[in-house]
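Residue numbers (our numbering): 127 to 599.
Rendered as structure tokens:
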């Protein structure tokens, strides 16, 4: 284990400039203000603020420092503090994270994709908990490389399994995380247009998502969506593990049939270990069948009993701000799906809106979708077209980019009088407060920076519950 300075020097190929090689350490940290007593502080930023950051880390209780070999002078004279010099501090930090991960021979699953990562991760975690009790999972949806060290360093001998969410907003992010996480099972939920603005093309996004295979061992597995067109374009020629597929429409290894959806559930039949099983998950939306199938597939590859799979999915708790149902003013139903948005997830949300509304008035409240780059107008107009195709009764857009959703809806025949566009969410809130139809069903969906959840808060029924969000059962 990484428990003393001597081991730290070996792992990082560092040189001990001063201090005791037997100095005990309790962990590592790259943010000076977050250092806890007994930890090692890695001076990853260096530069002009290096001295101040080091002093802050020492004040917080750091017992050792890892610095660049080019840093000649220290801002203190305490020779009891262990100081290790390395060629590149950030690389040394990740070497330690990777070393810590390698100390644990437990089942590990990594989940990437455009949409559904957090939901799939939570479904798997719920099953794992039923089987093993103590497991580790990515907190919330903190899935970029900067968060991975914190997650991995929480691994202890008590954890029996782990599931990590692998996100990205730059080229190389997925591969970097996968190589350290080393998942026995990698999952790509789907591949859509999110982050195309960052990477420049759809092909680059496909390549980036597919790079999860770089961390999967030769005896590992990759699970992909058989119904997702872009997943079918993955270059898996270098992958030495086994690829399996889950789906609803196309031929797959894990298939769902007889799908039924309700106000707060989705159910389906699938074959597990050669026997047909009825599955029920407490979250609405046909798209969540894919997430559940991925969780089932990962669980069967780890030989988890059917009873734990069923119990885990039945006990799954939907992530915050994802398809939460809230009682609104004038006896309306508000669908709070405001955590984030891309064209594919918004369209999935629209389909849930249509399913739940039935004969009630349906209203889509849609905000800006960020990170679409040169495809911004096209992406928003595509969503607008789907609003019209689904027969949504009213469309309200929030934000300047989202006005293109209205453009797309108009182009495909949605009447002008059924569309309202606002640059600010408070304008839309005031409008709906005044004009909310009786028993309407409203979907709120947009990128996190638009904060459409504040509209839900404003429009919820104040008499329904003292809590901010009330999940309707």
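Just so you know, even glycine gets a beta-carbon here, dropped at the ideal spot from N, CA and C.
This one's a predicted model, so the numbers in the text were calculated from it and none came from an experiment.
CB residue i to CB residue j, shorter than 9 angstroms?
i           : j           : result
residue 278 : residue 250 : no
residue 358 : residue 419 : no
residue 462 : residue 476 : no
residue 439 : residue 421 : yes
residue 456 : residue 371 : no
residue 172 : residue 194 : yes
residue 147 : residue 161 : no
residue 197 : residue 183 : no
residue 571 : residue 471 : yes
residue 238 : residue 292 : yes
residue 424 : residue 379 : no
residue 230 : residue 285 : yes
residue 241 : residue 528 : no
residue 142 : residue 225 : no
residue 554 : residue 491 : yes
residue 398 : residue 426 : yes
Can you check DSSP and say which residues form a bridge with residue i?
i           : result
residue 646 : Residue 646 lies beyond the residue range present for the chain, which begins at 127 and ends at 599; the question has no answer from this structure.
residue 194 : 212
residue 568 : 460 and 489
residue 386 : 393
residue 406 : 393
residue 371 : 350
residue 547 : 523
residue 288 : 234 and 262
residue 401 : 398
residue 450 : 462
residue 164 : Answer is none; residue 164 lacks a bridge partner.
residue 130 : 150
residue 312 : 236 and 348
With a 10 Å radius around its C-beta and 16 neighbouring C-beta atoms as the bar for buried, classify residue i as buried or exposed.
i           : result
residue 266 : exposed
residue 598 : Because residue 598 sits at a pLDDT of 38, beneath the cut-off of 50, its placement in the model cannot be relied upon, and the following sentence gives the value as read from the coordinates. Exposed, by the Cβ-count rule.
residue 498 : buried
residue 275 : buried
residue 592 : Reliability of the predicted coordinates at residue 592 is poor, the pLDDT of 43 falling under 50, and the value obtained from them is presented with this limitation in mind. Residue 592 comes out exposed.
residue 556 : exposed
residue 594 : Residue confidence is low: residue 594 scores 38 on pLDDT, short of 50, so the model does not pin down where it sits. Its coordinate-derived value is still stated next. Residue 594 should be labelled exposed.
residue 443 : exposed
residue 354 : buried
residue 169 : buried
residue 389 : exposed
residue 243 : buried
residue 327 : exposed
residue 362 : exposed
residue 550 : exposed
residue 396 : buried
residue 264 : buried
residue 298 : exposed
residue 272 : exposed
residue 319 : buried
residue 561 : exposed
residue 283 : exposed
residue 335 : buried
Please determine whether the Cβ atom of residue i lies at a distance below 8 angstroms from any heavy atom of the ligand GTP.
i           : result
residue 565 : This structure lacks the ligand GTP; in fact it carries no ligand of any kind.
Which same chain residues, not among the five before or five after residue i, have their C-beta less than 7 angstroms away from its C-beta?
i           : result
residue 428 : 233
residue 322 : 328, 331, 498, 499 and 501
residue 296 : 324
residue 586 : 452, 453, 454 and 460
Using C-beta distances below 6 angstroms, list every residue in its chain close to residue i, excluding the 5 sequence neighbours before and after it, in chain order.
i           : result
residue 515 : none
residue 144 : 205 and 209
residue 441 : 252
residue 393 : 386 and 406
residue 486 : 565 and 567
Kindly list the residues whose CB is nearer than 8 angstroms to the CB of residue i, restricted to its own chain and excluding five residues on each side of it in sequence; keep chain order.
i           : result
residue 510 : 521, 530, 531, 532, 533, 534, 535, 536, 537, 538 and 540
residue 227 : 278, 281, 306, 307 and 308
residue 341 : 236, 301, 303, 304, 305, 306, 307, 308, 309 and 312
residue 526 : 494 and 549
residue 258 : 286 and 287
residue 445 : 244, 245, 248, 266, 267 and 465
Query raised in the report: So does the segment 544-560 actually touch the segment 511-523, counting three or more Cβ pairs closer than 8 angstroms?
Result: As far as the Cβ criterion goes, the segment 544-560 touches the segment 511-523, which means the pair count is three or higher.
Report task. Count the CB pairs spanning the segment 402-417 and the segment 463-482 that are closer than 8 angstroms, and state whether there are at least three. Result -> In short, these stretches touch, since the Cβ pair count reaches three.
Report task. Count the CB pairs spanning the segment 312-320 and the segment 345-363 that are closer than 8 angstroms, and state whether there are at least three. Result -> Remark: three or more beta-carbon pairs, one from each stretch, lie closer than 8 angstroms, so the segment 312-320 and the segment 345-363 are flagged as touching.
Query raised in the report: Contact between the segment 467-479 and the segment 569-585: three or more CB pairs below 8 angstroms?
Result: The way I'd put it, the segment 467-479 does touch the segment 569-585; three or more beta-carbon pairs between them come closer than 8 angstroms.
Query raised in the report: Contact between the segment 162-180 and the segment 195-204: three or more CB pairs below 8 angstroms?
Result: Short answer: they touch.
Query raised in the report: Quick one: any contact between the segment 180-199 and the segment 156-166, if contact means 3 or more CB pairs under 8 angstroms?
Result: The answer is yes - the segment 156-166 touches the segment 180-199, with three or more Cβ pairs under 8 angstroms.
Query - At least three beta-carbon pairs within less than 8 angstroms, the segment 135-143 to the segment 209-219 - result: With contact defined as three or more Cβ pairs closer than 8 angstroms, the segment 135-143 and the segment 209-219 are in contact.
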